[in-house]
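> Quick one: the structure is below, and I'll ask about it shortly.
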Amino acid sequence: MTGHQHHHHQHSTSPDAASAHEKARAAATPDPGRTVVRLELDAREVDWSFTPESRTRAWGFNGQVPGPVIQAQVGDVLEVQFTNRLPEATAIHWHGLRIPAAMDGTEMVQRPIAPGDTFTYRFRLPDAGTFWYHPHVNETVQVERGLYGALVVRGGDEPTLDGERVLVLDDVSLDSEGQVKPPGGWIEQHDGRQGPTRLVNGRQEPDLPMAAGQIERWRIVNASSARYVRLSIGERPFQILGTDGGLIEQPVTAREVLLVPGDRIDLAVGPFSEGDIVEVTSGRYNRRTIRRSRDERFATVRVGPASPSRAAIGGRLRTIEPLVSGDVTVSREVHLGVRPSLSTGVKFVVNKEPHHRDKPVKVGELQVWEVVNDTLMDHPFHLHGFFFQVLAVNGEPPAFRSWEDTVNVSPRSRVRIAWMPDDRVGEWMYHCHILEHHASGMMGHFAVVA
Ligand code: C2O
Ligand code: CU
Numbered sequence: 110m111t112g113h114q115h116h117h118h119q120h121s122t123s124p125d126a127a128s129a130h131e132k133a134r135a136a137a138t139p140d141p142g143r144t145v146v147r148l149e150l151d152a153r154e155v156d157w158s159f160t161p162e163s164r165t166r167a168w169g170f171n172g173q174v175p176g177p178v179i180q181a182q183v184g185d186v187l188e189v190q191f192t193n194r195l196p197e198a199t200a201i202h203w204h205g206l207r208i209p210a211a212m213d214g215t216e217m218v219q220r221p222i223a224p225g226d227t228f229t230y231r232f233r234l235p236d237a238g239t240f241w242y243h244p245h246v247n248e249t250v251q252v253e254r255g256l257y258g259a260l261v262v263r264g265g266d267e268p269t270l271d272g273e274r275v276l277v278l279d280d281v282s283l284d285s286e287g288q289v290k291p292p293g294g295w296i297e298q299h300d301g302r303q304g305p306t307r308l309v310n311g312r313q314e315p316d317l318p319m320a321a322g323q324i325e326r327w328r329i330v331n332a333s334s335a336r337y338v339r340l341s342i343g344e345r346p347f348q349i350l351g352t353d354g355g356l357i358e359q360p361v362t363a364r365e366v367l368l369v370p371g372d373r374i375d376l377a378v379g380p381f382s383e384g385d386i387v388e389v390t391s392g393r394y395n396r397r398t399i400r401r402s403r404d405e406r407f408a409t410v411r412v413g414p415a416s417p418s419r420a421a422i423g424g425r426l427r428t429i430e431p432l433v434s435g436d437v438t439v440s441r442e443v444h445l446g447v448r449p450s451l452s453t454g455v456k457f458v459v460n461k462e463p464h465h466r467d468k469p470v471k472v473g474e475l476q477v478w479e480v481v482n483d484t485l486m487d488h489p490f491h492l493h494g495f496f497f498q499v500l501a502v503n504g505e506p507p508a509f510r511s512w513e514d515t516v517n518v519s520p521r522s523r524v525r526i527a528w529m530p531d532d533r534v535g536e537w538m539y540h541c542h543i544l545e546h547h548a549s550g551m552m553g554h555f556a557v558v559a
């Protein structure tokens, strides 16, 4: 225990209850920065109904899929007392959080937690935004079976919307008995697993009731192993409010947005009219896999009677200082590649090496990395523990400035990113967030050194 600090127990809710909880949470935080959000989490086997007809032996955090939405204010300390009740070792990675290396949950920084053992994760939450947590051990099995959850950190100055939803997208491959299929053959190794059953918050293509006239904040996480979600909400315009690393500078109106595996996006959605039925879909996206992509539905918004709106988004959300201006020297190139393999057709590598050992970076030395995709398929590049700014995609600046931890790299493309190693020395990594590619070796380790 830490003496004078305030404590909150079990600061988590099911995704649908997030909005009511938000109000309670805000009222209970007179002193942001000195609150400890304490929570017990376990990973265990659970009977889960992904579809109305199926009963699956899934794996979940606290007996649910997804795990509880962890909610906190920026500056809070999060303390998670974790117990592993799985039949195999695991560890939790806090995707997108700028926390000390020792808390990052990878095998580089902690011994996987054996069945029956506990481990306490404890760190301060430095940034507001939508994050998520998932195992970093045997991910193609553990994440696929349902071990993932959202983590929402609120800032002091958030736009006002009429309600909020946390929507965690996933897909699963179930066999005829309704059980999660074990990792498959070479096509799946190559493409990544893309299951035909689409899930929102652990349920197949749910209905989302919404009041006419209202504008909601949707915090969306793509937790699927390999699926690229080209998100459309009935082809209606929505506003992008934030990305991986929190709010962007001003709302951006769009009709579709691409969420690659690992990505988050915050949207302002609505208003709709009473009686509207609006399909939330993932449009066809050709990421050059062997299996072809189609338009597919994730959920259906059903709009009921009108309620008054108090939404006030404003034109300015935040200021993001550019990390670099003018000409820069690239400090390193990270090549995403493939190598032939007898057993699986190809192996996925970085700089020609599976599980590449990359050079260290120094605290305070600006990093400008050119992430180069030498392959003929897309890869979502994810950097642990630090946010980056995208400087250019094939030489062109992005449409707006943002903080990211995951970015798509199209075939034969180059994405130039900049990031600053702060004083969190230790072992870090980057990898393709298609879980099968990561497992096969498309990743690099490196140290941040003083
Ligand atoms: Cu969500 Cu190492 O990643
Ligand atoms: Cu990949």
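Each residue of the sequence shown is one higher than the one before, starting from 110 at the first, in our numbering. No residue lacks a Cβ here, since even glycine has one placed at the ideal position from N, Cα and C. The model shown is predicted, which means the values in this text are computed figures rather than measured ones.
What residue range is occupied by the uninterrupted alpha helix (DSSP H) comprising Ile296?
Residues Trp295 to Asp300.
> What are the start and end residues of the alpha helix (DSSP H) that includes Ser418?
No alpha helix (DSSP H) holds Ser418; DSSP gives it neither H nor E.
> Taking all protein chains shown into account, do 16 or more other C-beta atoms lie within 10 angstroms of the C-beta of Ser334, making it buried, or fewer, making it exposed?
Classification for Ser334: buried.
> Does the beta carbon of Ile386 fall short of 6 Å from some heavy atom of the ligand CU?
It does not: the Cβ of Ile386 is nowhere closer than 6 Å to a heavy atom of the ligand CU.
> What runs of the alpha helix (DSSP H), each 4 residues or longer, lie entirely inside the region 199–258?
You should have 248–251.
> Please find out if some non-hydrogen atom of the ligand MN comes closer than 6 Å to the beta-carbon of His464.
The model depicted lacks the ligand MN and carries the ligand C2O and the ligand CU instead.
> Who are the near neighbours of Val174 in its chain, counting only those whose CB is closer than 6 Å to its CB and skipping five residues on each side?
Trp157, Ala167, Gly255 and Gly311.
> Please list, in chain order, all residues with a C-beta atom less than 5 Å from at least one heavy atom of the ligand CU.
Those residues, listed in chain order, are His488, Cys541, Ile543 and His546.
> Using C-beta distances below 8 Å, list every residue in its chain close to Pro221, excluding the 5 sequence neighbours before and after it, in chain order.
Result list for Pro221: Ala198, Thr199, Ala200 and Val246, in chain order.
> Between the Cα of Thr239 and the Cα atoms of Tyr257, Thr229 and Val262, which residue gives the shortest distance?
It is Val262 whose Cα lies nearest to the Cα of Thr239.
> Leaving out the 5 sequence neighbours to the left and right, which residues in its chain are closer than 6 Å to Trp512 when beta-carbon positions are compared?
Closer than 6 Å at Cβ, skipping near neighbours: Gly354 and Phe496.
> Does the beta carbon of Gly371 fall short of 6 Å from some heavy atom of the ligand C2O?
Yes.
> From the DSSP output, in three-state form, read off Leu426 for me.
Coil.
> Tell me the rounded alpha-carbon separation between Met319 and Phe509.
Distance between the alpha carbons of Met319 and Phe509 is about 30 Å.
> Taking Arg400 as the reference, give the member of Met486, Val252, Gly184 and Ala559 with the closest Cα.
Comparing Cα positions, the closest option is Met486.
> When the Cα of Phe347 is compared with those of Val330, Glu325 and Tyr337, which residue comes out closest?
Among Val330, Glu325 and Tyr337, the Cα nearest to that of Phe347 belongs to Glu325.
> When burial is assigned at 16 or more other CB atoms within 10 Å of the CB, is Leu451 buried or exposed?
Leu451 comes out exposed.
> For the beta strand (DSSP E) holding Ala556, just list the boundary residues, first then last.
From DSSP, the beta strand (DSSP E) with Ala556 extends over Met552 to Val558.
> Please look up how many angstroms separate the CB atoms of Leu283 and Val289, rounded, as I've assumed it's under 8 Å.
Correct: roughly 6 Å between the Cβ atoms.
> For Thr165, is the classification buried or exposed, using 16 other Cβ atoms within 10 angstroms of its Cβ as the cut-off for buried?
So Thr165 counts as buried.
> Let me know the secondary structure DSSP gives Val470 once reduced to three states.
The answer is strand: DSSP assigns Val470 an E or B state.
> Between Glu430, Thr227, Glu536 and Ile543, which lies nearest to Pro209 when the distance is taken from Cα to Cα?
It is Glu536 whose Cα lies nearest to the Cα of Pro209.
> When you compare the region 432–443 with the region 411–419, are there three or more beta-carbon pairs, one atom per stretch, that lie closer than 8 Å?
Segments in contact, no.
> Return the CA-CA distance between Ala377 and Phe407, expressed in angstroms with no decimal places.
Whole-angstrom Cα-Cα distance: 18 Å.
> With distances taken from CA atoms, which of Leu445, Arg441, Lys461 and Ala548 is nearest Gln251?
It is Ala548.
> According to DSSP, simplified to helix, strand and coil, what is Leu544?
Of the three classes helix, strand and coil, the one that applies to Leu544 here is helix, per DSSP.
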